[in-house]
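Everything on this sheet refers to the single structure shown next.
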Amino acid sequence: DQQVKQNSPSLSVQEGRISILNCDYTNSMFDYFLWYKKYPAEGPTFLISISSIKDKNEDGRFTVFLNKSAKHLSLHIVPSQPGDSAVYFCAASARTGTASKLTFGTGTRLQVTL
Amino acid sequence: DVKVTQSSRYLVKRTGEKVFLECVQDMDHENMFWYRQDPGLGLRLIYFSYDVKMKEKGDIPEGYSVSREKKERFSLILESASTNQTSMYLCASGRSNYGYTFGSGTRLTVV
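Those protein sequences? They're chains P and G, same order as listed. All residue numbers for the first sequence refer to the working numbering, where the first residue is 34 and numbers rise by one. All residue numbers for the second sequence refer to the working numbering, where the first residue is 0 and numbers rise by one.
This is the structure:
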């Protein structure tokens, strides 16, 4: 049962335009959400996060929006740059007694074209 | 910066071999994790540990075990490697509830 879903396996965007990556979740116990970026042959690197008490968090070109009622979050990248081309994973966290573990989506491959 | 080091970038092992994947972190984190990444499946949690000698099963623990004898080191063990364990293995560690640092990964091929 996939608790965190990224329904778009790939996305192509022109340089300078906005990239919007989407993520849906089913577990209402999730209280923290993160986006990771992954280049080939490297581990994922943390990009941005948001707590369930907020609906928006911004860091430079990256903004994450959370809609709790819809159990949906999105990552906006403006403006998109060629170096943003990577796989983006959405992750969610819920305290489970001993430790918080991250549950990941299946990833969206973003290609930023010139 | 937190550093999470995985001992090997690439490994090729034979079916039936016992395989050890090592992970070391340098920031005194309580929590350490092992994930595997497969195309179309994202990152799936195999095991995690919240303290020395403590471990909990993740979503796909079958065929794996772990060891955490020291706080900085978390080992993943494939008791008898099989071809369906060919994958990218990623170790992560973190102190707080949220957000972890990943190592560069070990690409394991079982032939």
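Glycine is no exception: its CB is placed at the ideal position from the N, C-alpha and C atoms.
Check whether residue i and residue j have beta carbons under 8 Å apart
i                    : j                     : result
residue 80 (chain P) : residue 141 (chain P) : no
residue 71 (chain P) : residue 122 (chain P) : yes
residue 8 (chain G)  : residue 105 (chain G) : yes
residue 54 (chain G) : residue 65 (chain G)  : yes
residue 76 (chain P) : residue 102 (chain G) : yes
residue 94 (chain P) : residue 120 (chain P) : no
residue 62 (chain G) : residue 48 (chain G)  : no
Neighbouring residues, chain P, relative to residue i (Cβ below 8 Å)
i                    : result
residue 46 (chain G) : In chain order: nothing, as chain P lies at least about 10 Å away.
residue 20 (chain G) : Chain P residues near residue 20 (chain G): none, gap ~13 Å exceeds 8 Å.
residue 89 (chain G) : 76, 77
Partners in chain G for residue i, counting only beta-carbon separations shorter than 7 Å
i                     : result
residue 140 (chain P) : 41
residue 106 (chain P) : Correct list: empty, because the minimum Cβ distance to chain G is about 14 Å.
residue 135 (chain P) : 99
Per-residue DSSP class, three states only, for residue i
i                     : result
residue 41 (chain G)  : strand
residue 36 (chain P)  : coil
residue 88 (chain P)  : coil
residue 14 (chain G)  : coil
residue 24 (chain G)  : strand
residue 82 (chain G)  : helix
residue 140 (chain P) : coil
Chain-ordered chain G contacts of residue i [CB-CB under 8 Å]
i                     : result
residue 122 (chain P) : 41, 42
Residue i: first and last residue of the uninterrupted beta strand (DSSP E) it sits in
i                     : result
residue 59 (chain P)  : Unbroken run through residue 59 (chain P): none, as it is neither H nor E.
residue 48 (chain P)  : No beta strand (DSSP E) contains residue 48 (chain P), which DSSP labels as neither H nor E.
residue 97 (chain P)  : 95-100
residue 63 (chain G)  : 63-69
residue 106 (chain G) : 105-109
Interface partners of residue i on chain P, CB under 7 Å
i                     : result
residue 103 (chain G) : 75, 76
residue 98 (chain G)  : 67, 79, 82
Contacts of residue i in chain P (Cβ-Cβ under 9 Å)
i                    : result
residue 73 (chain G) : Those do not exist, as residue 73 (chain G) stays about 13 Å from chain P at its closest Cβ, beyond 9 Å.
| query | Of all the residues that make up the stretch 78-103 of chain P, which are near chain G by a beta-carbon distance shorter than 9 Å? | reply | 78, 79, 82, 84
| field | Contact list for the stretch 55-86 of chain G against chain P, Cβ threshold 9 Å | value | 55, 57, 58
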